[in-house]
Amino acid sequence: MAEFFILRGCRRHRIGTLAAQEVWRRLPGPWEIRVMQSNPSATSFWTQAISEFIRESIQPVKIEKDGKSWQQYSFRSE
Numbered sequence: 616m617a618e619f620f621i622l623r624g625c626r627r628h629r630i631g632t633l634a635a636q637e638v639w640r641r642l643p644g645p646w647e648i649r650v651m652q653s654n655p656s657a658t659s660f661w662t663q664a665i666s667e668f669i670r671e672s673i674q675p676v677k678i679e680k681d682g683k684s685w686q687q688y689s690f691r692s693e
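Here is the structure:
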């Protein structure tokens, strides 16, 4: 999956969290999610959504890729 986007009017209603978690349930295995470091709202969303799904706290790792700064999450869905 290259992009994940929720329309503004649908945000903060758990639609994005539930959609992401359903994808992870349907496609078990290793996952990596990168978020541009300049997007703190997305970082907050992914931290919450992934932590809730894996039932433990997760923190992103800062990486540089293609000349850009990213926050990267790595986890496994089962």
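Just so you know, we're using the numbering used here here: the sequence shown kicks off at 616 and counts up by one.
Don't be surprised by glycine CBs; every beta carbon is placed ideally from N, CA and C.
All figures in this text were calculated on a predicted structure; none of them were measured in a lab.
Whole angstroms are fine: how far does the CA of asparagine 654 sit from the CA of valine 676? 14 Å
Residue of Arg623, Phe660, Arg641 minimising C-alpha distance to glutamine 686: Phe660
Taking DSSP as the reference, what is the three-state secondary structure of arginine 649? strand
For arginine 691, which beta-bridge partners are listed by DSSP? Pro645
Run of the alpha helix (DSSP H) containing glutamate 667, from where it starts to where it stops: 655-669
Own chain residues within Cβ distance below 8 Å of lysine 680, not counting five before or after: Arg649
How far does the beta strand (DSSP E) with isoleucine 678 in it reach, from first residue to last? 676-680
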